[in-house]
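Offset between the sequence shown (1-based) and my numbering: plus 5.
Where is the CB? At the ideal position from N, CA and C, for every residue including glycine.
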Amino acid sequence: MIARIATVELRERLETFAGAILVGPSDIGKSTLARQVAGEWPAGAVFLDLGRISDRRRLSDPGVFFRAQAPRLVVVDQVHRMPQVLAVLKDVIEDNRSHGQRTGQFLLISAVSLNRLPGAEEHLARRISVMEVFGVAPDEAADAGIDVTQLWLRGGFPDSLTAGSDHVSSRRRGTLVDTYIQRDVPHLAPRVEPDLIRRLWTMLAYSSGDLLNSSRLAENLGVSPPTVLRHIGLLEDMGLVRLVKPWPADLPRRLTKSPRVYVRDTGLLHSLVEIGTIHDLLGHPAVGSSFRSLVVESLITAAPPSWQPYFFRTASGTGIDLVFARGNTVQVGVQIALSGEPASGAGFHRACDALGITRRFVVHPDSGDDPEPPEDSEDPEDPARVGLTDVVRRWRDLDR
């Protein structure tokens with residue numbers, strides 16, 4: 006089993022809040038993480054999986070059932086299949102608090118963001134901590150003896166990453182894509198044609214990291230641009246795509262205003278574009294955009310919570326692949342390079358100079374076992390060149 010850094014964070018949240026809700030795509034490892042933490046919970050735990058009819062029947066009166074479990078931790082998997090149970094949590098939490106149980110009451114698991122759970126914000130506000138579960142990160146993979154190239158090809162879904170062969174991994178990911186399209190989409194959006202979502206998702210995979218052009222996508226799909234945006238919102242809420250906004254710099258030049266759209270997991274990206282082996286990947290036209298997708302997702306999930314991700318690009322093409330800002334201040338500029346000897350590029354320097362960025366990184370592939378990663382460079386003309394795994398390790402504990 007791959008040791009997940011999120012295990013420690015989840016314990017801390019349950020010890021601080023009345024509960025936590027894990028959100029992330031199906032099969033990303035949420036249930037495994039929950040069972041690991043709940044299995045060691047001092048007061049014990051009770052598990053419900055709302056994908057099972059028998060467990061849904063146990064919640065015919067959720068308030069009565071939940072109150073009867075105290076002081077145990079109540080774990081509710083697939084809560085998105087029965088979101089009406091969230092309405093009773095406020096009162097149950099307050100009742101438990103009045104009896105001395107202030108923390109560690111509930112651990113909920115959802116395959117979609119709170120945007121898709123009716124009333125979730127109202128019922129869970131200030132009581133339940135929201136925690137997104139991401140795919141296996143480069144440093145977690147390296148610690149488990151998994152090369153970053155394997156992570157890049159197969160993606161961060163644990164069963165796909167650790168499959169016995171690339172062929173088995175590819176088959177698992179193909180089944181997972183079918184499951185999202187045929188099961189999850191109809192449940193979340195009954196009026197949406199699943200095949201339309203598949204076609205849109207595939208188009209996004211071929212252009213992962215490009216500027217979002219809803220008009221062009223709409224024309225190719227035979228729908229309206231607002232429909233495309235709604236469907237991308239669905240994929241975003243399912244944790245399958247990520248939108249990165251442009252940095253809203255106040256500079257005397259015309260800036261790009263459209264977001265970039267990424268397929269978050271490169272394993273699913275490769276399944277959608279029919280890449281099965283590393284040889285297929287390295288010879289594919291999408292190899293560069295695929296690696297950028299891996300780096301963007303890895304760095305965003307490893308960065309401190311106060312760092313907000315953006316990109317920067319002018320109409321002339323000058324730009325920075327990834328910018329991290331805290332408040333109104335840009336902290337870091339990142340350029341992504343697939344080549345073994347990356348060059349920062351004059352455009353990258355000009356963009357960093359315009360934004361006043363001194364912490365500059367060029368991120369490239371690595372082996373994951375560099376014993377002494379380079380220090381941050383303070384020389385704007387010589388940005389630090391770091392491997393992906395190294396920079397993820399470096400950023401783990403910043404500002405936390």
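Anticipated Cβ contact below 8 Å, Leu91 with Gly124, distance rounded: 6 Å
Alpha carbon of Asn215 to alpha carbon of Leu299, nearest angstrom: Checking the sequence, you will find Asp at residue 215 rather than Asn. So the alpha carbons of these two residues sit roughly 14 Å apart.
Once you ignore the five residues that flank Pro230 on each side, which residues in its own chain have a CB closer than 7 Å to its CB? Ser219, Ser220, Ala223
Which of helix, strand or coil does DSSP assign to Phe139? coil
Is it buried or exposed for Glu302, if we count other Cβ within 10 angstroms and need 16 for buried? With 16 or more other Cβ atoms within 10 Å, it is buried.
CA-CA distance, Ala11 and Arg131? 21 Å
Limits of the unbroken alpha helix (DSSP H) element including Ile362: Run containing Ile362: none; DSSP gives neither H nor E here.
What's the call for Glu386, buried or exposed, on a 16-neighbour Cβ count within 10 Å? Confidence is the limiting factor: at Glu386 the pLDDT is only 48, short of 50, which leaves the residue's position unreliable and the question unanswerable from this model.
Taking all protein chains shown into account, decide if Thr394 is buried (16 or more other Cβ within 10 angstroms of its Cβ) or exposed. buried
Should Ala23 be labelled buried (16 or more other beta-carbon atoms within 10 Å of its own) or exposed? buried
If I'm right that Ser213 touches Ser295 with Cβ under 8 Å, what's the distance once you round it to whole angstroms? 7 Å
Out of Leu327, Val268, Val28, His369, which has the shortest C-alpha to C-alpha gap to Ile114? Val28
Sub-9 Å separation of Arg265 and Phe329 beta-carbons: No, these two residues do not count as a Cβ contact at 9 Å.
Could you say if the segment 151-167 and the segment 265-279 meet the contact criterion of at least three C-beta pairs nearer than 8 Å? yes
To the nearest angstrom, how far is the alpha carbon of Ala146 from that of Trp206? Looking at the backbone, the Cα of Ala146 and that of Trp206 are separated by about 26 Å.
Find the nearest neighbour of Ser263 within the set Gly281, Arg318, Val190, Ser65, judged by alpha-carbon distance. Arg318
Cutoff 8 Å; reference Asp384; Cβ partners in own chain excluding five residues on either side: Legend: pLDDT at Asp384 = 49, less than 50; position of this residue unreliable, value from coordinates given subsequently. Here the set comprises nothing.
Would you say Arg72 touches the ligand MG, meaning its beta carbon is less than 8 Å from a heavy atom? Questions concerning the ligand MG fall outside what the structure shown contains, since it holds no ligand whatsoever.
Look up Gly324 in the DSSP assignment and give the residues it is bridged to. Arg318
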